[in-house]
Amino acid sequence: MLKIRPQDECRYACVSLGEIMLRLDPGDGRVRTARSFQAWEGGGEYNVTRGLRKCFNLPTAVVTAFADNEVGHLIEDFIMQGGVDTGFIKWVPYDGIGRNVRNGLNFTEKGYGLRAALGNSDRGNTASSQLKAGDIDWEEIFGKAGSRWFHTGGIFAALSETTPDVVIEAMKAAKKHGTIISYDLNYRPSLWKGIGGKEKAQEVNREIAKYVDVMIGNEEDFTASLGFEVEGADENLTVLPIEGYKKMIETAIKTYPNFKVVATTLRTVHSASVNDWGALCWHDGEIHEAEHREKLEIYDRVGGGDSFASGLIYGFLAFNDAAQAVEYGAAHGALAMTTPGDTSMATLKEVERIVGGGSARVIR
């Protein structure tokens with residue numbers, strides 16, 4: 185079992201650190217031909233605390249930064265609608281045109297059939313990417329307010345030369361106060377290619393990994409960000425060799441004995457609309473496998489991994505049981521991919537129904 189702080193001595197169940205962008209979604213169309221977009225908010229690290237609050241009804245907060253303009257306050261309004269505490273947002277004066285600081289945009293297509301989902305982010309020079317060590321009062325967050333869990337990830341760490349320092353500073357403060365630390369590797373080639381590619385990603389993530397209690401990712405995350413291998417996988421990592429994943433996990437825990445939990449999602453991509461979906465979770469010397477769902481129909485796959493992470497965290501916070509945690513994670517991730525947007529629209533009752541083996545028959 186994890187040694188988790190009791191909720192009655194903490195204001196928050198979970199606090200996350202990461203960039204939150206305005207997602208512009210062309211619906212069933214293409215970004216390049218769109219004439220209108222639906223707006224959402226989204227960010228790999230934030231999506232986790234948003235899911236914990238909105239689906240699992242746990243008190244959460246986000247640490248991020250915005251340029252103080254109308255777009256920044258629009259994203260803030262989305263966050264407030266999701267119930268996540270905005271008290272730790274750092275607001276940066278806006279210069280009028282974004283010369284010094286701006287807010288990130290993410291144009292995202294859902295994909296369909298043979299056409300893969302497509303993300304086109306516009307996030308250079310953002311307020312979050314300019315965060316540096318010393319900007320955030322972590323003692324206020326983990327010492328005075330208190331949080332049972334802290335979550336961040338490889339997307340935020342890839343944004344600039346200074347963001348990995350912020351991650352490590354936050355992790356040291358969290359560890360000082362007995363807060364469990366989770367990290368989702370979330371490897372994004374587009375973020376690393378201009379600053380050293382996989383080599384730089386591994387340099388940064390291997391250092392951060394030394395402070396992590398719960399390491400999360402898919403096969404590409406572990407191979408690209410930490411340099412591990414999945415034996416038996418094909419070149420495009422579309423084959424799911426379960427024994428290969430288990431050996432990868434064993435290598436991870438030997439390399440980083442500080443890991444208390446290692447969790448990975450399993451996905452075979454038949455098309456953008458149909459995936460096989462599952463997950464593994466190692467804890468206390470055992471590997472637990474969630475129910476494997478074949479030919480899962482996907483509406484919008486973006487955020488599925490983040491919703492897996494929030495379900496996994498909920499499972500540990502609620503039950504402190506790895507076998508239950510990986511089932512809640514896999515079920516929540518599956519449900520999140522049936523609705524549009526980065527963030528989960530699922531309810532706890534729906535997740536519990538899926539975990540319990542419920543079908544998709546109409547509920548009246």
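Sequential numbering from 185 applies to the sequence shown in this note's numbering.
By construction, the Cβ of each residue, glycine as well, lies at the ideal position given by its N, Cα and C atoms.
Since the model is a prediction, treat every value here as computed from it, not as a measurement.
Can you name the residues that DSSP bridges to residue i?
i	result
glutamate 353	In the DSSP output, where bridge partners are listed per residue, glutamate 353 has none listed.
leucine 208	Ala223 and Phe291
glutamate 465	In the sequence on display, residue 465 carries cysteine and not glutamate. Bridge partners of cysteine 465: Ala447 and His472.
isoleucine 433	Isoleucine 433 pairs with nothing; no bridge assigned.
leucine 236	Leucine 236 pairs with nothing; no bridge assigned.
asparagine 304	Phe291
aspartate 481	Rather than aspartate, the amino acid found at residue 481 in this sequence is glutamate. Val458, per the DSSP bridge assignment.
serine 200	Val246 and His335
glycine 401	Thr448
aspartate 269	Ala245
arginine 283	DSSP, once it has assigned bridges, lists no residue as partnering arginine 283.
serine 344	DSSP, once it has assigned bridges, lists no residue as partnering serine 344.
tryptophan 275	Phe250
Give me the residue from the options with the minimum Cα distance to residue i.
i	options	result
alanine 463	Ile471, Met205 and Ser457	Ile471
alanine 311	Arg390, Ile273 and Lys328	Ile273
glutamate 323	Ala357, Tyr440, Phe492 and Gly227	Ala357
histidine 361	Lys328, Ala317 and Gly228	Lys328
histidine 335	Asp319, Ile352 and Tyr483	Ile352
glycine 488	Leu258, Leu501 and Leu519	Leu519
alanine 218	Ser200, Glu293, Glu229 and Pro190	Glu293
methionine 185	Thr522, Met521, Ser528 and Phe443	Phe443
proline 277	Gly256, Arg307, Met264 and Ile400	Gly256
leucine 343	Met264, Leu375 and Ile320	Leu375
isoleucine 392	Gly338, Pro190, Cys239 and Pro373	Gly338
isoleucine 400	Ala354, Met264 and Ala509	Ala509
leucine 450	His476, His467 and Trp466	His476
lysine 359	Asp368, Arg372, Lys394 and Ala341	Lys394
glycine 308	Glu345, Ile320, Asp321 and Trp275	Glu345
aspartate 321	Cys465, Val350 and Gln265	Val350
tryptophan 466	Lys533, Ala507 and Ser200	Ala507
Given this structure, state the Cα-to-Cα distance separating residue i from residue j, to the nearest angstrom.
i	j	result
alanine 436	phenylalanine 412	8 angstroms
isoleucine 538	alanine 515	6 angstroms
glutamate 541	tryptophan 461	Here residue 541 turns out to be glycine, not glutamate, going by the sequence shown. So the alpha carbons of these two residues sit roughly 15 angstroms apart.
phenylalanine 250	glycine 282	12 angstroms
glycine 297	threonine 270	38 angstroms
isoleucine 325	arginine 485	32 angstroms
proline 425	glutamate 415	7 angstroms
aspartate 505	glycine 499	7 angstroms
asparagine 253	proline 441	44 angstroms
arginine 286	serine 409	28 angstroms
isoleucine 188	threonine 448	21 angstroms
proline 524	leucine 315	30 angstroms
asparagine 389	serine 366	13 angstroms
threonine 531	asparagine 241	9 angstroms
serine 313	threonine 347	7 angstroms
arginine 299	glycine 213	11 angstroms
tryptophan 224	phenylalanine 262	7 angstroms
glycine 318	lysine 438	33 angstroms
tyrosine 483	aspartate 279	39 angstroms
serine 528	lysine 431	31 angstroms
proline 190	serine 331	9 angstroms
glutamate 403	aspartate 368	12 angstroms
methionine 521	glycine 513	13 angstroms
cysteine 194	glutamate 387	34 angstroms
phenylalanine 503	lysine 533	16 angstroms
arginine 372	serine 200	19 angstroms
aspartate 192	phenylalanine 340	30 angstroms
tryptophan 275	asparagine 284	13 angstroms
In chain order, what residues of the same chain have a beta carbon less than 6 angstroms from the beta carbon of residue i, not counting five sequence neighbours either side?
i	result
glycine 378	none
alanine 544	Note that alanine 544 scores a pLDDT of 49, beneath 50, so its modelled location is shaky and nothing firm can be said.
glutamate 166	Not covered by the structure: residue 166. The range shown for the chain is 185 to 548.
glutamate 511	Ala474 and Val539
isoleucine 204	Glu225, Gly227, Tyr230, Thr248 and Ile259
lysine 382	Ala408
methionine 355	Ile365 and Tyr395
Leaving out the 5 sequence neighbours to the left and right, which residues in its chain are closer than 7 angstroms to residue i when beta-carbon positions are compared?
i	result
valine 268	Thr233, Arg234, Arg237, Thr244, Ala245 and Val246
tryptophan 333	Ala197, Cys198, Thr363, Ile364, Ser366, Ile497 and Leu501
asparagine 304	Val215 and Phe291
proline 210	Ala218, Phe221 and Glu293
methionine 264	Thr270
Please tell me whether residue i and residue j are closer than 8 angstroms, where the distance is taken between their beta carbons.
i	j	result
glycine 295	threonine 248	no
valine 215	leucine 289	no
glutamate 434	serine 457	no
glycine 495	valine 445	no
serine 491	glycine 469	no
isoleucine 259	leucine 208	no
asparagine 370	aspartate 405	yes
Taking 8 angstroms as the CB-CB limit, is residue i close to chain C?
i	result
glycine 227	Looking at the structure shown, chain C is missing, and only one protein chain is on hand.
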